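Residue 176 in this note's numbering sits at position 175 of the sequence shown; the count goes up by one each step and never skips.
Below: the structure, in structure tokens.
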Amino acid sequence: ILLLAACHPSSSPIAVSSWEELPVVAERVETNGHPLIVCHPEKLTDSIRIPLSQLVEDLEIIRLENKDEAYVRNTSIRISENYILLHSSRNMPFKLFDRKGKFVCNIGSVSRQPDGYSQIYDFQLDEAHNRIYLMPWNATELKVYDLQGKLCILRKIRIPILILMTIWIMMRVLLLLPTM
2 ILLLAACHPS
12 SSPIAVSSWE
22 ELPVVAERVE
32 TNGHPLIVCH
42 PEKLTDSIRI
52 PLSQLVEDLE
62 IIRLENKDEA
72 YVRNTSIRIS
82 ENYILLHSSR
92 NMPFKLFDRK
102 GKFVCNIGSV
112 SRQPDGYSQI
122 YDFQLDEAHN
132 RIYLMPWNAT
142 ELKVYDLQGK
152 LCILRKIRIP
162 ILILMTIWIM
172 MRVLLLLPTM
């Protein structure tokens, strides 16, 4: 879900309780056999107030453990049934928490050591197989850690980057599918 917000002092937002109440500001028309989206700017208002219940079915707020080794900043996140994996920045290791917010461990380290990493392009949490996959920007290796933060597998990759990224995207899709 992408949520954008802005402030404007001279207008009051329109309150809506369902999607059907939102104003229609564009329509799809056909011109010479081709579809065209026509926007009606006069129907736009400064803001609309949409209840959170229209965007989500369930909301869970998890307070993360507050201790020095669990410190995180602006993050990327992956969530599984029992874990939360956070990636803060280039100079902080990945942080693994349980779904109650308790800090479990750091995943590897930001370093040039064999079990270390830097500049991670993407990552996946695979709880079903006790694995965390890290793909560095240079895409010459795939680092695989267990859920205790230890490096299990370091695979050197010798395939073109476009093929590698296609495989990576397919792996992400497969990890998101429910298990049978």
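All C-beta atoms, glycine included, are put in the ideal place defined by N, C-alpha and C.
Quick caveat: nothing in here was measured; it's all calculated off a predicted structure.
Shown here for N83: same chain residues with a beta carbon closer than 7 Å to its own, the five before and five after excluded, namely D99, R100, E128 in chain order. Straight across, the Cα-Cα distance linking K68 with E22 is about 46 Å. Per DSSP, S48 lies in no beta strand (DSSP E) segment and is marked neither H nor E. Within the DSSP secondary-structure output, V25 pairs in no beta bridge. Within the DSSP secondary-structure output, T32 pairs in a beta bridge with H35.
Look at the segment 72-159 and you find these whole runs of beta strand (DSSP E), each 3 residues long or longer: 77-80, 84-88, 95-99, 104-108, 121-127, 132-137, 142-146, 152-157. Taking a contact as a CB-CB distance under 8 Å, the pair V111 and R132 does not count as one, their CB atoms being some 20 Å apart.
A direct Cα-Cα distance of roughly 29 Å separates P115 from L65.
If the five residues before and after C40 are omitted, its C-beta is found closer than 8 Å to the C-beta atoms of V26, A27, all from its own chain and listed in chain order. Short of 8 Å from the beta carbon of V73, and not among the five residues preceding or following it, lie these beta carbons of its own chain, in chain order: L65, L87, S89, M93, K96. Take the alpha-carbon of I78 and the one of T32: they are about 44 Å apart.
Of the residues F124, V57, P52, the one whose Cα lies closest to the Cα of S81 is F124.
Cβ neighbours of Y134 within its own chain (closer than 7 Å, five residues either side excluded): F124, Q125, D127, L143, V145.
Cα atoms of T76 and R156: separation of roughly 26 Å, rounded to the nearest angstrom.
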